[in-house]
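Just so we're on the same page, my numbering is the position in the sequence shown counted from 1, plus 15. C-beta: ideal position from N, C-alpha, C; glycine also. Take a look at the structure set out below.
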Amino acid sequence: MTAPGKRNLITDVSGILVGQAEDSAVRTGVTVIVPDRPAIAAVCIAGGGPGTRETDLLTGGRLVEGVDAICLSGGSAFGLAAADGVASGLKTDGRGFSLVAREGVPATPIVPAAILYDLANGGDKNWGQASPYAGLGLDAYRDAGSSFLLGRAGAGYGALAGVHAGGTGSASIMTDDGITVGALAGVNCFGSVRMPGTDAYWAWPYELNGEFGGARPPADFVMDPEDWGGAKVNPALGQNTTIACIATDLSLTQEEARRVAQMALSGFSRAIRPVFAPFDGDAVFVLSTGRVDMPENWPLMVARVGELAASTLARAIARGVHEANQEQDV
16 MTAPGKRNLI TDVSGILVGQ AEDSAVRTGV TVIVPDRPAI AAVCIAGGGP GTRETDLLTG
76 GRLVEGVDAI CLSGGSAFGL AAADGVASGL KTDGRGFSLV AREGVPATPI VPAAILYDLA
136 NGGDKNWGQA SPYAGLGLDA YRDAGSSFLL GRAGAGYGAL AGVHAGGTGS ASIMTDDGIT
196 VGALAGVNCF GSVRMPGTDA YWAWPYELNG EFGGARPPAD FVMDPEDWGG AKVNPALGQN
256 TTIACIATDL SLTQEEARRV AQMALSGFSR AIRPVFAPFD GDAVFVLSTG RVDMPENWPL
316 MVARVGELAA STLARAIARG VHEANQEQDV
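See below:
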């Protein structure tokens, strides 16, 4: 029987830590996912307005397949600078890629990144000559641990999910044969995460142990294909995005990780409506820590982990929004 991990966080995956940092004045933040050693990684981008860094390395056939961290940030394009701070912290700790070790030549940390747009969601954005994001990235890296806050925290600190507060969410699942899959999402979507006229989340069929409130749609609920519920009414280009990371301890090749990422995209559509719009920058990374060997029936196992990734990501999205709005109601 599958069940959430001990923390119900992406850090239930062995070898994964998460750090976060926020700037309350700017109303923004950064989340960093840090494997304890270079991890196989892949990415899939589905939104029409993405903002990313180092994702070309993850397309296959490149020199480097392992990454030292994944950085998720608010701040739109300014937030890509958060990866600079993460890279600085990794360099100080002696981490990074070197083709040939040479004295006096530092290794290069590999830090793919994605951003969401929170520039119009409040806060003082008059930060002068230098944005705060490199500093936030370093602070988030230094904060990395096994526990972290959900809701208004990290990359989702200044986020909006449709007309509701957005946030950072996470969830995990463990199988009876020892595979763990975790998801983390920064939710700043154009679409609604709740069913129209109800307190139920679109992701309710995947909820485990009442992790995002346990609300269910009424028995007589009728789906209207044109009723999006609490979506943003007049979106502008580039002002929405859900960015996410999946981690698993199953040993995956980069091509297998890419397939898991493609399957994980359906987690977005299970939790948000509409999704992958022209003004969304939706993206999902996948990390494999390689702690569990891939069995011989690898195609079936990849399909199985991809489905677990999708349902766990849907839970993480709903959980992040639920936690953010619980805080707002207090």
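Counted within 10 angstroms of its Cβ, other Cβ atoms place residue i as buried (16 or more) or exposed
| i | result |
| --- | --- |
| Phe236 | exposed |
| Met316 | buried |
| Gln144 | exposed |
| Met210 | buried |
| Asn249 | Confidence in Asn249 is poor, its pLDDT being 46 and thus under 50, which makes the residue's placement unreliable; the coordinate value appears in the next sentence. It counts as exposed. |
| Pro314 | exposed |
| Pro293 | exposed |
| Glu270 | exposed |
Where residue i falls: helix, strand or coil (DSSP)
| i | result |
| --- | --- |
| Met16 | coil |
| Asp27 | helix |
| Thr107 | helix |
| Ala331 | helix |
| Ala98 | helix |
| Tyr172 | coil |
| Arg288 | strand |
| Asp38 | strand |
| Ala186 | strand |
| Asn340 | helix |
| Tyr132 | coil |
Contact under 9 Å by Cβ, residue i with residue j
| i | j | result |
| --- | --- | --- |
| Thr195 | Val28 | yes |
| Val320 | Val290 | no |
| Val49 | Asp99 | no |
| Ser161 | Ile130 | no |
| Leu223 | Gly282 | no |
| Asp308 | Ile258 | no |
Candidates the options, of which the one nearest residue i by Cα
| i | options | result |
| --- | --- | --- |
| Gly30 | Gly305, Glu338, Asn340, Leu323 | Gly305 |
| Ala234 | Ala176, Asp242, Ala215 | Ala215 |
| Ala230 | Asp108, Thr17, Asp38, Arg334 | Arg334 |
| Ala40 | Thr123, Gln277, Pro147, Arg68 | Pro147 |
| Val33 | Phe93, Pro65, Gly169, Ala135 | Gly169 |
| Gly171 | Gly90, Val115, Asp154 | Gly90 |
| Ser103 | Arg157, Leu199, Asn136 | Arg157 |
Validate contact between the stretch 178-190 and the stretch 50-67 using beta carbons, cut 8 Å, 3 pairs: no
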